[in-house]
Amino acid sequence: MKDIVDLTIIGGGPTGLFGAFYAGMRGMSCRIVDSLPELGGQLTALYPEKYIFDVGGFPKVLAKDLARELVDQGLQFGADVVLDEEVRGLREEDGIFVLEGASSEYRTRTVLIAGGKGAFEPMVLRCPGYEELLGHGVEYSVRDPEVYRGKRVVLVGGGDSALDWALILKDIVERLVVVHRRAVFRAHETSVARLEAAAKSGELELRIFWEVKEIRGNGRVEGCTIFDNRSDAEESFAVDAVLTFLGFKPDLGPIKSWGLEVDKKRIVVGQLMETSWPGIYAAGDLVSYPGKLDLIATGFAEAAIAVNNAIRRVDPNARVNPGHSTNLKIFKDK
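Each step along the sequence shown adds one to the number in this note's numbering, with nothing skipped, and position 126 is 133.
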């Protein structure tokens with residue numbers, strides 16, 4: 008019984024971490040299980056150096072800094088953390104949920120699924136050399152932009168992440184070639200304007216209607232060939248890295264087999280953030296309900312709703328509404 012916690016949160020991203028904070032604030036014992044080697048989710052795994060502008064209280068904040076603050080907030084009440092662990096199965100035994108991990112089983116009274124959009128599978132660049140050199144100069148995320156200082160870089164994509172990184176890397180690399188297969192970008196208008204201004208001033212090279220035909224290298228990226236998809240004209244040049252920001256395909260992974268109601272690869276929840284399986288809640292980008300917005304701010308609210316209703320399952324006498332944090336005894340004790 009000592010191994011049973013009140014709430015197990017699957018996913019250590021922003022929503023999961025805020026859920027851990029709320030669980031601790033309500034006096035629930037809590038465990039976070041995440042498949043990644045560190046907490047923070049996409050903030051640390053995909054875009055740690057990107058600024059985020061739409062989180063309350065921060066005019067702008069680096070993703071990695073927001074993750075650090077969320078970890079400090081979420082773990083202040085002593086939540087247990089299990090990293091590098093994929094939850095593959097889920098069953099219920101005598102009112103206790105058992106999460107079947109790759110290395111162990113975890114028992115809990117309630118569950119909050121907060122795994123972002125599930126397992127992310129990056130969209131691949133279909134050209135010779137991509138698979139062979141992935142991780143050896145071909146990357147689909149940037150953890151430390153300083154790695155590319157003084158390097159020659161080809162950056163592929165037309166979404167927000169592609170443009171954000173182009174605007175960061177242009178001041179670091181020796182040469183930056185931004186390749187996009189069409190003239191329309193899937194990014195914020197301000198970012199597009201800044202990219203076009205940087206191209207006009209010679210800070211980077213913008214190749215619209217161009218695509219990557221081949222990536223070359225012997226154990227490491229050494230060269231690249233791109234082509235104009237209107238004329239088939241080609242150009243080859245030496246390059247040290249090819250960064251592909253083509254987006255990700257969300258996949259619920261093992262969660263698909265748990266018997267939860269799913270709509271278009273998202274978990275259906277009600278007003279209390281409870282799934283079709285009583286006692287299992289979900290919050291964040293992977294949930295579906297009318298009016299859903301995929302925002303960190305929305306995930307925070309959903310996590311609070313889920314946790315404050317999960318406590319009623321653990322203790323039927325508990326109040327759903329915790330009241331104002333400034334009046335809670337737990338903070339006065341701290």
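Think of the CB as a built atom: it goes at the ideal place given N, C-alpha and C, for glycine as much as any other residue.
If you're wondering where the values come from, they're calculated on a predicted model, not measured in any experiment.
Spatial neighbours of residue i in its chain, beta-carbon cut-off 7 angstroms, leaving aside the 5 residues before and after
| i | result |
| --- | --- |
| Arg201 | Leu174 |
| Gly137 | First, the residue type needs correcting, since residue 137 is Tyr and not Gly in the sequence shown. Closer than 7 angstroms at Cβ, skipping near neighbours: Val131, Val145 and Ile222. |
| Gly63 | Ala304 |
| Glu45 | Thr51 and Leu90 |
| Pro152 | Glu56, Ile175, Leu176 and Ile179 |
| Asp79 | none |
| Phe338 | Ser332 |
| Phe234 | Trp217, Glu218, Lys220, Ala240 and Glu241 |
Residue i in three-state terms, based on DSSP
| i | result |
| --- | --- |
| Phe28 | helix |
| Ala289 | strand |
| Thr305 | helix |
| Phe104 | strand |
| Thr15 | strand |
| Ala245 | strand |
| Leu140 | helix |
| Glu99 | strand |
| Ser338 | The question names Ser, but residue 338 is Phe in the sequence shown. Phe338 falls in the helix class under three-state DSSP. |
| Pro129 | strand |
| Gly122 | coil |
| Val327 | coil |
| Asp235 | strand |
| Trp2 | This structure cannot settle anything about residue 2, because the visible part of the chain is limited to 8 through 341. |
| Lys220 | strand |
| Asp87 | strand |
| Ile274 | strand |
| Gly23 | helix |
| Val184 | strand |
| Glu203 | helix |
| Ser332 | helix |
| Ser295 | strand |
| Val62 | coil |
| Tyr147 | coil |
| Gly260 | helix |
| Arg33 | coil |
| Glu212 | strand |
| Leu176 | helix |
Beta-carbon spacing of residue i, residue j below 7 angstroms
| i | j | result |
| --- | --- | --- |
| Ala289 | Ile120 | yes |
| Thr115 | Val276 | no |
| Tyr147 | Pro129 | yes |
| Lys158 | Val180 | yes |
| Val160 | Leu140 | no |
| Phe252 | Gly164 | yes |
| Ile318 | Arg33 | yes |
| Leu267 | Ser283 | yes |
| Val246 | Gly230 | yes |
| Ala325 | Tyr29 | no |
| Asp87 | Arg38 | yes |
| Asp327 | Asn334 | Sequence check: residue 327 is Val here, not Asp. No, the pair does not count as a contact, with Cβ atoms beyond the cut-off. |
| Trp172 | Val154 | no |
| Leu53 | Met35 | no |
| Ala249 | Val269 | Correcting the residue type first, residue 249 is Val in the shown sequence and not Ala. It is not a contact, given that the beta carbons lie outside the stated cut-off. |
| Phe84 | Gly31 | yes |
Close-in-space but distant-in-sequence residues of the same chain around residue i (CB under 6 angstroms, 5 per side omitted)
| i | result |
| --- | --- |
| Ala313 | Leu119, Met280, Tyr288 and Ala290 |
| Ala194 | Gly166, Asp167 and Leu170 |
| Val286 | Residue identity differs from the one stated: residue 286 is Gly in this sequence, not Val. If we look at Gly286 and ignore the five residues flanking it on each side, its Cβ neighbours are Thr117 and Arg320. |
| Glu309 | Met280 and Ala290 |
| Lys67 | Tyr58 and Phe60 |
Closest Cα partner of residue i within the set the options
| i | options | result |
| --- | --- | --- |
| Gly123 | Leu14, Thr333 and Gly23 | Gly23 |
| Gly101 | Arg38, Thr117, Asp91 and Ala109 | According to the sequence as given, residue 101 is Asp; it is not Gly. Selected option, being the one with the closest Cα: Thr117. |
| Ile21 | Ser36, Glu196, Ile262 and Pro55 | The question names Ile, but residue 21 in the sequence shown is Pro. Of the listed residues, the one whose Cα sits closest to Pro21 is Pro55. |
| Leu82 | Gly26, Pro285, Val105 and Lys57 | Gly26 |
| Ala204 | Asn225, Leu170, Asn315 and Arg223 | Leu170 |
| Gly209 | Phe192, Arg33 and Lys177 | Lys177 |
| Tyr296 | Lys339, Phe84, Arg273 and Arg237 | Arg273 |
| Arg95 | Gly260, Lys57, Val249 and His331 | Gly260 |
| Leu211 | Lys336, Lys271 and Leu162 | Leu162 |
| Gln49 | Phe255, Pro323 and Ile233 | Phe255 |
| Phe307 | Leu77, Val68 and Ala70 | Leu77 |
| Ile16 | Lys67, Phe234 and Tyr113 | Tyr113 |
Cβ-based neighbour list, residue i, same chain, cut-off 8 angstroms, excluding 5 preceding and 5 following
| i | result |
| --- | --- |
| Glu92 | Val40, Asp41, Ser42, Gly108, Ala109, Ser110 and Ser111 |
| Arg98 | Phe104, Val105 and Glu107 |
| Phe65 | Ile59 and Leu73 |
| Asn236 | Arg188, Phe216, Trp217 and Glu218 |
| Lys71 | Gly47, Leu50, Thr51, Pro55 and Glu56 |
| Leu69 | Pro55, Glu56, Lys57, Tyr58 and Ile59 |
>> Quick check: the region 215-234 against the region 176-189, are at least 3 beta-carbon pairs closer than 8 angstroms?
In response: yes
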